[in-house]
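Student: 112 is the number that the numbering used here gives to position 99 of the sequence shown; each next residue is one higher, with no gaps. Just so you know, even glycine gets a beta-carbon here, dropped at the ideal spot from N, CA and C. All values reported here derive from a predicted model rather than from experimental measurement.
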Amino acid sequence: EPQMVPFKGEMRITHVPVVVVVVSSSPPSNQIGIKSVQREAEEIVPMKSMKMEWYRYTPLGKRDRIVERLKSNTEIFYLGCTQRRTALRHLKEERVKKFEYCLPW
14 EPQMVPFKGE
24 MRITHVPVVV
34 VVVSSSPPSN
44 QIGIKSVQRE
54 AEEIVPMKSM
64 KMEWYRYTPL
74 GKRDRIVERL
84 KSNTEIFYLG
94 CTQRRTALRH
104 LKEERVKKFE
114 YCLPW
């Protein structure tokens with residue numbers, strides 16, 4: 014999320030990382046909302062179109078156990094981006110704005 018941050022005596026826009034985590038017995042919705050003050054209406058799109066998906070979180074102490082057994086009782090999911098880093102650097106401004114205003118729906 015872009016924020017104005019003081020840096021060496023001047024204000025600069027800096028992208029602050031945001032972590033979205035959901036505690037649930039089933040995976041959260043696979044749709045994402047894109048909404049900003051400038052937009053008239055919220056746009057609801059599939060996460061795959063924004064190269065995002067929910068991942069199951071496995072606590073550090075349980076990572077050596079069998080993954081299949083953990084899948085059935087994992088209740089923590091985090092939102093991740095599947096877009097390659099190199100591709101993220103070359104996005105058009107319109108696409109960057111969509112990423113900035115994405116929220117789980």
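On a CA-only basis, which of I26, R69 and L101 is nearest S39? Give me that one, please.
Tutor: That would be R69, whose Cα lies nearest to the Cα of S39.
Student: Report the three-state DSSP secondary structure of G74 (helix, strand or coil).
Tutor: Looking at G74 - three-state DSSP - the assignment turns out to be helix.
Student: List the whole-angstrom C-beta distance separating K64 from T95, where the pair is believed to meet the contact cut-off of C-beta under 8 Å.
Tutor: Confirmed, about 5 Å.
Student: Which residue or residues does DSSP assign as beta-bridge partners of F90?
Tutor: Note: F90 sits in a beta bridge opposite V35 and R69.
Student: Grab the span of the alpha helix (DSSP H) containing E113 for me, first residue to last.
Tutor: That run of the alpha helix (DSSP H) goes E106 to E113.
Student: Given that a residue counts as buried once 16 or more other Cβ atoms are within 10 Å of its Cβ, and exposed if not, what is F90?
Tutor: Burial call: buried.
Student: Just verifying my parser: in three-state terms, what is the DSSP assignment at T27?
Tutor: The answer is strand: DSSP assigns T27 an E or B state.
Student: Using C-beta distances below 7 Å, list every residue in its chain close to V50, excluding the 5 sequence neighbours before and after it, in chain order.
Tutor: Nothing listed; no residue qualifies.
Student: How is the alpha helix (DSSP H) around K52 delimited, first residue to last?
Tutor: Reading off the sequence, residue 52 comes out as Arg, not Lys. That residue, R52, is in no alpha helix (DSSP H); it is neither H nor E in DSSP.
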